[in-house]
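*Asks:* Every number in the numbering used here is 21 more than the matching position in the sequence shown, counting from 1.
This is the structure, below, for whatever I ask next.
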Amino acid sequence: MAEFDPLFRPKIADSIVDVIGNTPIVRLGRTGKEANVVANILLKLESMEPCSSVKDRIAKGMILSAEARGEITPGVTTLVEPTSGNTGIGLAMVAAARGYELIVVMPSTLSLERRVMLKALGAKLVLTPGEKGMSCAIKKAQEILDKLDGKGFMLQQFNNADNPKTHRETTGPEIWDQTEGKIDILISGVGTGGTATGTTQFLRTKNPDVQLIAVEPAESPVLSGGAPGPHKIQGIGAGFIPQNCDTSLINSIVKIDSNKAIATSRALATKEGIFVGISSGAAVAAAIEVGSLPENAGKNIVVIIPSFGERYLSTALFADLHVEAVNQQVEDLIL
Numbered sequence: 022m023a024e025f026d027p028l029f030r031p032k033i034a035d036s037i038v039d040v041i042g043n044t045p046i047v048r049l050g051r052t053g054k055e056a057n058v059v060a061n062i063l064l065k066l067e068s069m070e071p072c073s074s075v076k077d078r079i080a081k082g083m084i085l086s087a088e089a090r091g092e093i094t095p096g097v098t099t100l101v102e103p104t105s106g107n108t109g110i111g112l113a114m115v116a117a118a119r120g121y122e123l124i125v126v127m128p129s130t131l132s133l134e135r136r137v138m139l140k141a142l143g144a145k146l147v148l149t150p151g152e153k154g155m156s157c158a159i160k161k162a163q164e165i166l167d168k169l170d171g172k173g174f175m176l177q178q179f180n181n182a183d184n185p186k187t188h189r190e191t192t193g194p195e196i197w198d199q200t201e202g203k204i205d206i207l208i209s210g211v212g213t214g215g216t217a218t219g220t221t222q223f224l225r226t227k228n229p230d231v232q233l234i235a236v237e238p239a240e241s242p243v244l245s246g247g248a249p250g251p252h253k254i255q256g257i258g259a260g261f262i263p264q265n266c267d268t269s270l271i272n273s274i275v276k277i278d279s280n281k282a283i284a285t286s287r288a289l290a291t292k293e294g295i296f297v298g299i300s301s302g303a304a305v306a307a308a309i310e311v312g313s314l315p316e317n318a319g320k321n322i323v324v325i326i327p328s329f330g331e332r333y334l335s336t337a338l339f340a341d342l343h344v345e346a347v348n349q350q351v352e353d354l355i356l
């Protein structure tokens, strides 16, 4: 059997699942220059996955790995998953392509776009009280699973070892190849912890000195030892430290508040043409802080950009633009 090549993409794919991964890296431009950044900030655009988020990778990895172990069967097993949205969308895409029924459990505070996309991809959506966070969604998913009498399967992204394994096998090798091994610092927001953990694990097999800087919401600084709290940075800051987050790999933690994350996301759109979500803004804001330090002059900082901005049109990220667009007046021709 031919050796697995994470950098291979077919010219004509047999399934949408086959084109997940191999996302581009783009250098941060004006936004970095205006902030007097002295490092090279490189954006790994996971926003350009088929369903527009880094979670497409683990959706593929977790489902295919479970199939290979004989744990799930298309057309027989019902998949159940608690998620902040993007993993659910990735799972819905892969489930549709592979022939699974999927039940997604999600806090009600997450964006309307996520709800619509899940339904459009054929998933059943269950909402839990937003103020109770992901912990409540996880408990509800388990309740649903228990009622399926052995015909259901929970992939458990927060604990599933195939989550970081996917990033060890794909995201890490891609970054190493794209930077030609010239990466000094990896910056990643922490949701499940799988991206930061798996990618760093691979990179350190190549260069043990690669630093990992984790990003979390200032309003919910659990990684830093603080208390969980409500915040607007969807996708990170789950309010607990997931099993898939290997905190021993983290060199330092940067706390970014929701307003700064939103402002940075908006700046990326208007100054770089890079349309991304709130957690991407948090990651880039952290990169600008780190990249402005004199000791990081000339270093290469790779930032994981988790998701595309269109998924956040109904959120605080673009609330003012939504109102402006709805109320905009028609201008007729002046003859």
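Glycine is no exception: its CB is placed at the ideal position from the N, C-alpha and C atoms.
Model, not experiment: these values are computed from the prediction.
Please return the same chain residues whose Cβ sits closer than 6 angstroms to the Cβ of I93, not counting the five positions on each side in sequence.
*Replies:* Once the five neighbours on either side are set aside, the close Cβ partners of I93 are A87, F174.
*Asks:* At what residues does the beta strand (DSSP E) containing F174 begin and finish?
*Replies:* Element bounds for F174: 173 to 175.
*Asks:* Using a Cβ-Cβ cut-off of 7 angstroms (strictly less than) and excluding sequence neighbours within five positions of A23, which residues of its own chain qualify?
*Replies:* In this prediction, A23 has a pLDDT of 44, which is less than 50 and means its spatial position is unreliable; nothing more can be read from the coordinates.
*Asks:* So K320 and I206 are in contact, right, with Cβ under 8 angstroms, and what is the actual spacing, rounded?
*Replies:* The pair is a contact, with the Cβ atoms about 6 angstroms apart (cut-off 8 angstroms).
*Asks:* Just the Cα atoms here: how many angstroms apart are N387 and N317?
*Replies:* Residue 387 cannot be examined here, being either before or after the span of the chain that is shown, 22 to 356.
*Asks:* Taking 9 angstroms as the threshold (C-beta atoms), are Q178 and G219 in contact?
*Replies:* No, Cβ-Cβ distance for G219 and Q178 is not below 9 angstroms.
*Asks:* Could you work out which residue in T221, L224, S209 is closest to L244 when comparing CA atoms only?
*Replies:* Among T221, L224, S209, the Cα nearest to that of L244 belongs to S209.
*Asks:* Helix, strand or coil for D39? Go by DSSP, reduced to three states.
*Replies:* Of the three classes helix, strand and coil, the one that applies to D39 here is helix, per DSSP.
*Asks:* Considering only DSSP beta bridges, list what S273 is partnered with.
*Replies:* Looking at the DSSP assignment, S273 forms a beta bridge with I234.
*Asks:* Whole angstroms is fine: what's the gap from Q255's alpha carbon to S328's?
*Replies:* Q255 and S328: Cα-Cα distance of roughly 10 angstroms.
*Asks:* In the DSSP assignment, find the alpha helix (DSSP H) that holds L166 and state where it starts and stops.
*Replies:* Counting along the chain, the alpha helix (DSSP H) containing L166 begins and ends at 154 to 167.
*Asks:* Go ahead and pull the three-state DSSP assignment for V147.
*Replies:* Of the three classes helix, strand and coil, the one that applies to V147 here is strand, per DSSP.
*Asks:* Closest to L142 by CA distance: which of V311, A162, Y121, P128 is it?
*Replies:* Measuring from the Cα of L142, the nearest candidate turns out to be Y121.
*Asks:* Would you list the residues sitting across from E102 in a DSSP beta bridge?
*Replies:* E102 is bridged to V125.
*Asks:* Near P31, what residues of its chain come up, given a Cβ to Cβ distance below 7 angstroms and the 5 sequence neighbours on each side ignored?
*Replies:* Only D39 meet the Cβ criterion.
*Asks:* May I ask you to report which of helix, strand or coil DSSP gives L49?
*Replies:* Residue state, collapsed to three classes: coil.
*Asks:* Where do the ends of the beta strand (DSSP E) carrying G210 lie?
*Replies:* Taken as a continuous stretch (DSSP letters only), the beta strand (DSSP E) holding G210 covers 206 to 210.
*Asks:* So, S313 versus N57, is the Cβ gap smaller than 9 angstroms?
*Replies:* Yes. Within cutoff.
*Asks:* Buried or exposed for T226, going by 16 or more other Cβ atoms inside 10 Å?
*Replies:* By the 10 Å Cβ count, T226 comes out exposed.
*Asks:* Excluding the 5 residues flanking A288 on each side, which residues of the same chain have their C-beta closer than 7 angstroms to its C-beta?
*Replies:* For A288, where only same-chain residues beyond five positions count, the Cβ hits under 7 angstroms are T52.
*Asks:* Counting only the same chain and skipping the five closest in sequence on each side, list residues whose C-beta sits under 6 angstroms from that of E195.
*Replies:* Excluding positions up to five away in sequence, the list is empty.
*Asks:* Does the beta-carbon of S269 have 16 or more other beta-carbons within 10 angstroms, so that it is buried, or is it exposed?
*Replies:* Exposed, since its Cβ has fewer than 16 Cβ neighbours within 10 Å.
*Asks:* If you scan the region 50 to 92 from start to end, which runs of the beta strand (DSSP E) of 3 or more residues do you find wholly inside it?
*Replies:* Listed in chain order, the complete beta strand (DSSP E) runs (minimum 3 residues) inside the region 50 to 92 are 61 to 66.
*Asks:* In whole angstroms, what separates the C-alpha of C266 from that of N181?
*Replies:* Cα-Cα distance, rounded: 11 angstroms.
*Asks:* Can you list, in chain order, the residues of its chain whose CB lies under 6 angstroms from that of A113, leaving out five sequence neighbours each side?
*Replies:* For A113, where only same-chain residues beyond five positions count, the Cβ hits under 6 angstroms are L123, L139, L142, A144.
*Asks:* Once DSSP output is grouped into helix, strand and coil, what is the label at V196?
*Replies:* Strictly speaking, residue 196 in this sequence is Ile, with Val absent from that position. Correct three-state label for I196: helix.
*Asks:* How do the region 130 to 138 and the region 105 to 119 stand: do at least 3 beta-carbon pairs fall below 8 angstroms, yes or no?
*Replies:* The region 130 to 138 is in contact with the region 105 to 119.
*Asks:* Which same chain residues end up closer than 7 angstroms to Q264 when comparing Cβ atoms and leaving out the 5 residues on each side of it in sequence?
*Replies:* Only F179, N180 meet the Cβ criterion.
*Asks:* Since I believe V324 is in contact with V305 (beta carbons under 8 angstroms), could you give me their beta-carbon distance rounded to a whole number of angstroms?
*Replies:* Right, their Cβ atoms sit about 6 angstroms apart.
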